[in-house]
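Trainee: First the structure, then my questions, so here it is.
Protein chains in written order, with the working numbering: chain A, 60 to 248; chain B, 16 to 315.
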């Protein structure tokens with residue numbers, strides 16, 4: 060994988076993620092599509108295993124850095140790890156099943172993005188819920204988050220559909236050279 | 016078999032262990048992550064800000080009165096500012112009168128209401144009702160500083176300050192603390208009803224007001240007990256948790272009134288800020304203490 064192209068793509072998707080947040084907000088303030096997860100899913104579909112996992116960790120760490128958590132004291136805290144671990148598990152899930160997928164179909168990216176988003180968000184919510192069990196320094200409502208993030212995951216399918224056009228068009232520039240054993244056909248180079 | 020160096024082979028498990036530890040570490044141990052967050056924001060801002068400007072150009076943020084000319088808007092802002100000052104002075108007057116009655120002579124009771132206003136542009140929004148402001152290094156800008164827009168519309172409080180940017184937690188953020196406010200029942204603002212407002216998460220705040228028995232029936236502006244008349248009334252901040260200079264800033268107007276069957280004597284109000292979407296304000300105003308206070312480490 061060409062890491063320079065991946066970095067540029069990540070930079071733009073994070074910019075879109077932040078800039079489009081108030082526009083694509085689905086009314087309740089917590090439901091919005093992710094632009095980053097389709098990129099992570101795209102990398103996990105095509106890149107070699109190790110590179111895909113590292114890409115997921117890097118995207119997750121940046122997401123953690125850009126998502127301060129409000130605290131009961133009035134400030135906010137930067138918790139590095141929850142999104143990184145969530146994206147890592149989601150990428151691992153995609154790597155495990157990608158041999159059975161029709162990877163050139165944009166709908167594959169849509170479905171995979173929804174599933175990956177749900178997995179990542181379950182991990183994020185679980186981590187924040189566990190860490191908030193003791194002294195409760197963070198303002199955190201797990202049930203509300205679960206509802207919001209479930210709808211956000213479905214909404215992410217829409218952003219994945221739009222972004223898939225750009226990703227598939229730019230696929231050669233990413234320089235993926237993975238040899239993925241497929242389940243029903245010959246190995247895709 | 017392809018052999019890799021030990022560091023490469025173990026890099027992924029080590030990264031996972033570090034991430035798990037960081038995820039669960041107490042907040043006081045991971046303060047240093049703020050520096051990395053600031054760098055991440057610096058890197059993302061050059062792309063997020065132009066996209067935000069482009070989007071605001073294509074889909075202009077809703078404004079209070081789209082028909083009004085620029086001059087009319089300026090005059091309206093000026094009127095709102097003067098009205099806020101009047102209400103602040105009246106509230107301060109009332110408070111001081113009460114204090115003078117209570118305290119012995121010679122006690123220092125007059126707070127310094129001087130405030131320095133600093134305009135800064137918004138870079139972009141974050142998840143959870145937070146916005147990033149390109150603040151730079153402003154003396155006196157600390158966590159908890161009051162942020163407004165359009166002269167008197169309360170936006171929220173600064174929740175984090177970095178070297179180049181600041182994060183503002185909006186009053187409409189679901190994580191924001193409840194706010195004590197007053198509903199101005201008449202135009203002069205002399206008749207007020209207190210309420211406790213909590214952000215709903217959809218850009219509005221919800222609270223309950225009690226039916227008061229002290230309403231003045233002679234006031235022509237006041238429709239006593241006509242709670243439907245609450246719609247459109249101004250709601251302003253009056254909360255001791257906020258600095259003195261923030262008192263009587265505009266929170267919004269009552270958008271609708273709901274019956275509360277569980278408590279018939281209390282009416283539920285839904286308040287919407289005068290700016291339809293606080294997350295899309297193009298610029299904000301920090302209300303900060305004067306320079307000499309900031310230099311001595313005094314907060315706002």
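Don't be surprised by glycine CBs; every beta carbon is placed ideally from N, CA and C.
1. Along chain B, in chain order, which residues have C-beta atoms closer than 8 Å to that of residue 139 of chain A?
2. To the nearest angstrom, how far is it from the Cα of residue 222 of chain B to the Cα of residue 283 of chain B?
3. Which two residues bound the contiguous alpha helix (DSSP H) that contains residue 109 of chain A?
4. Tell me the residue span of the alpha helix (DSSP H) that contains residue 35 of chain B.
5. Using 10 angstroms around the beta-carbon of residue 141 of chain A, count the other beta-carbons present and answer buried if the total reaches 16, otherwise exposed.
6. Excluding the 5 residues flanking residue 98 of chain B on each side, which residues of the same chain have their C-beta closer than 7 Å to its C-beta?
7. Tell me, please, whether the CB atom of residue 74 of chain A is closer than 8 Å to any CB atom in chain B?
8. For residue 229 of chain B and residue 249 of chain B, what's the separation of their Cα atoms in angstroms?
9. What's the call for residue 226 of chain A, buried or exposed, on a 16-neighbour Cβ count within 10 Å?
10. Could you run through the segment 161-184 of chain B and flag, in chain order, every residue whose CB is less than 8 Å away from some CB of chain A?
11. Use the C-beta contact count for residue 127 of chain B: other C-beta atoms within 10 angstroms, 16 or more gives buried, fewer gives exposed.
12. Please list, in chain order, all residues of the same chain as residue 67 of chain A whose beta carbon is under 8 Å from its beta carbon, the five residues on each side excluded.
13. Within the same chain, show all residues whose beta-carbon is closer than 7 Å to that of residue 216 of chain B, passing over the 5 residues directly before and after it, in chain order.
14. When the cut-off is 8 Å and only beta carbons count, does residue 218 of chain A lie next to chain B?
15. Residue 146 of chain B by DSSP, collapsed to three states: which one?
16. Is the number of C-beta pairs between the segment 215-229 of chain A and the segment 195-207 of chain A that are closer than 8 Å three or more?
17. Would you check if there are 3 or more beta carbon pairs closer than 8 Å linking the segment 149-167 of chain B to the segment 97-110 of chain A?
18. Round the Cβ separation of residue 200 of chain B and residue 192 of chain B to the nearest angstrom and send it over; I've been treating them as touching at under 8 Å.
19. My output table needs one value for residue 231 of chain A: the three-state DSSP class, helix, strand or coil.
20. So, is the C-beta of residue 312 of chain B closer than 8 Å to a C-beta in chain A?
21. Would you say residue 137 of chain B and residue 296 of chain B are within 8 Å of each other, going by their C-beta atoms?
22. Would residue 316 of chain B and residue 182 of chain B be called neighbours here (beta carbons separated by less than 8 Å)?
23. Mind pulling the chain A residues with CB within less than 7 Å of residue 27 of chain B?
24. Kindly indicate which residue of B/40, B/252, B/262, B/59 has the alpha-carbon position closest to the one of residue 149 of chain B.
25. Taking any Cβ of chain B, which residues in the segment 152-181 of chain A have a Cβ under 8 Å from it, in chain order?
26. Beta-carbon separation of residue 110 of chain A and residue 177 of chain A under 8 Å?
27. Check the Cβ of residue 81 of chain A against every Cβ in chain B and list those closer than 8 Å, keeping chain order.
28. Given this structure, state the Cα-to-Cα distance separating residue 147 of chain B from residue 139 of chain B, to the nearest angstrom.
29. Which residues, in order along the segment 188-206 of chain B, keep a beta-carbon less than 9 Å from a beta-carbon of chain A?
30. Judging by CA-CA distance, which residue of A/107, A/71, A/85, A/129 is the nearest neighbour of residue 95 of chain A?
31. State buried or exposed for residue 324 of chain B, treating a residue as buried only when at least 16 other CB atoms are found within 10 Å of its CB.
32. Does residue 238 of chain B have its Cβ less than 8 Å from a Cβ in chain A?
33. If you follow the beta strand (DSSP E) that residue 284 of chain B is part of, which residue opens it and which one closes it?
34. When the Cα atoms are used, what is the spatial distance from residue 174 of chain A to residue 187 of chain A?
35. For a test of the three-state rule: what should DSSP assign to residue 229 of chain B, helix, strand or coil?
36. For residue 130 of chain A, which of helix, strand or coil comes out of DSSP?
Mentor: Checking against the coordinates, here is how it stands:
1. Position 80 of the first chain holds residue 139 of chain A. Those are 34, 37, 38, 45, 48, 51, listed as they occur along chain B.
2. Here residue 222 of chain B refers to the residue found at position 207 when the second chain is read from its first residue. Here residue 283 of chain B refers to the residue found at position 268 when the second chain is read from its first residue. Spanning the two alpha carbons is a distance of roughly 6 Å.
3. For this step, residue 109 of chain A is matched to residue 50 along the first chain. Counted as a single uninterrupted DSSP element, the alpha helix (DSSP H) harbouring residue 109 of chain A occupies residues 108-124.
4. Locating residue 35 of chain B in the second chain gives position 20, where the first residue counts as 1. That run of the alpha helix (DSSP H) goes 21-39.
5. Residue mapping note: residue 141 of chain A aligns to position 82 of the first chain, counting from 1. Buried, by the Cβ-count rule.
6. Position 83 of the second chain, counted from the start, is the residue given in the question as residue 98 of chain B. So the list is empty, once near-sequence residues are dropped.
7. Counting from 1 along the first chain, the entry for residue 74 of chain A is found at position 15. Yes, because at least one Cβ of chain B sits closer than 8 Å to the Cβ of residue 74 of chain A.
8. Numbered from its first residue, the second chain carries residue 229 of chain B at position 214. Numbered from its first residue, the second chain carries residue 249 of chain B at position 234. Low per-residue confidence applies at residue 229 of chain B: pLDDT is 48, beneath 50, and the placement is therefore not dependable, though the value from the model is reported in the following sentence. If I take the Cα positions, the gap works out to 19 Å.
9. Residue numbering aside, residue 226 of chain A sits at position 167 when the first chain is read from its first letter. Residue 226 of chain A comes out buried.
10. Listed by position, the residues of the segment 161-184 of chain B near chain A (Cβ gap below 8 Å) are 172, 174, 175, 182, 184.
11. By one-based count along the second chain, residue 127 of chain B stands at place 112. Note that residue 127 of chain B has pLDDT 49, beneath the 50 cutoff, so the model's placement of it is unreliable and no number is given.
12. Locating residue 67 of chain A in the first chain gives position 8, counting from the first residue. Contacts found: none.
13. For this step, residue 216 of chain B is matched to residue 201 along the second chain. Once the five neighbours on either side are set aside, the close Cβ partners of residue 216 of chain B are 189.
14. The residue given as residue 218 of chain A occupies position 159 in the first chain. Interface with chain B (8 Å Cβ-Cβ cutoff): residue 218 of chain A is excluded.
15. As a position in the second chain, residue 146 of chain B is number 131, starting the count at 1. In the three-state reduction of the DSSP assignment, residue 146 of chain B falls in the strand class.
16. No contact exists between the segment 215-229 of chain A and the segment 195-207 of chain A.
17. Short answer: they don't touch.
18. Against the second chain, residue 200 of chain B aligns to sequence position 185. Against the second chain, residue 192 of chain B aligns to sequence position 177. Between residue 192 of chain B and residue 200 of chain B the Cβ distance is about 25 Å, and since that is not below 8 Å, they are no contact.
19. Numbered from its first residue, the first chain carries residue 231 of chain A at position 172. In the three-state reduction of the DSSP assignment, residue 231 of chain A falls in the helix class, which pools H, G and I.
20. In the second chain, residue 312 of chain B corresponds to position 297, counting from 1. Residue placement at residue 312 of chain B is poorly supported in this model, since its pLDDT is 44, which falls under 50; the coordinates are not used for a value here.
21. Translated into positions along the second chain, residue 137 of chain B becomes position 122. Translated into positions along the second chain, residue 296 of chain B becomes position 281. Residue 137 of chain B is a Cβ neighbour of residue 296 of chain B, given a cutoff of 8 Å.
22. Beyond the ends of chain B as shown, which are 16 and 315, falls residue 316 of chain B; an answer cannot be given.
23. In the second chain, counting from the first residue as 1, residue 27 of chain B sits at position 12. From the beta-carbon of residue 27 of chain B, the residues of chain A found nearer than 7 Å are 112.
24. Taking the second chain and counting its residues from 1, the one referred to as residue 149 of chain B is at position 134. It is B/59.
25. Of all residues in the segment 152-181 of chain A, none has a Cβ within less than 8 Å of some Cβ in chain B.
26. Taking the first chain and counting its residues from 1, the one referred to as residue 110 of chain A is at position 51. Taking the first chain and counting its residues from 1, the one referred to as residue 177 of chain A is at position 118. No.
27. The residue given as residue 81 of chain A occupies position 22 in the first chain. Close to residue 81 of chain A, with beta-carbon spacing below 8 Å, are these residues of chain B in chain order: 140, 292, 294, 295.
28. In the second chain, counting from the first residue as 1, residue 147 of chain B sits at position 132. In the second chain, counting from the first residue as 1, residue 139 of chain B sits at position 124. Distance between the alpha carbons of residue 147 of chain B and residue 139 of chain B: 5 Å.
29. Of all residues in the segment 188-206 of chain B, 188, 189, 190, 191, 192 have a Cβ within less than 9 Å of some Cβ in chain A.
30. The residue you call residue 95 of chain A lines up with position 36 of the first chain. That would be A/71, whose Cα lies nearest to the Cα of residue 95 of chain A.
31. Absent from the structure is residue 324 of chain B, since the part of chain B shown begins at 16 and ends at 315.
32. The sequence position of residue 238 of chain B within the second chain is 223, counting from 1. For residue 238 of chain B, the pLDDT reaches just 47, beneath the cut-off of 50, and the residue's location in the model is therefore unreliable, although a value from the coordinates is still provided. It does not; no Cβ of chain A falls within 8 Å.
33. If you number the second chain from 1, residue 284 of chain B lands on position 269. Going by DSSP, residue 284 of chain B is part of the beta strand (DSSP E) stretching over 281-287.
34. On the first chain, position 115 is the one that residue 174 of chain A refers to. On the first chain, position 128 is the one that residue 187 of chain A refers to. Residue 187 of chain A has its alpha-carbon roughly 20 Å from the corresponding atom of residue 174 of chain A.
35. Taking the second chain and counting its residues from 1, the one referred to as residue 229 of chain B is at position 214. Low confidence applies here, because residue 229 of chain B scores a pLDDT of 48, under 50, leaving its location unreliable; read the following figure in that light. Residue state, collapsed to three classes: coil.
36. Residue mapping note: residue 130 of chain A aligns to position 71 of the first chain, counting from 1. Of the three classes helix, strand and coil, the one that applies to residue 130 of chain A here is strand, per DSSP.
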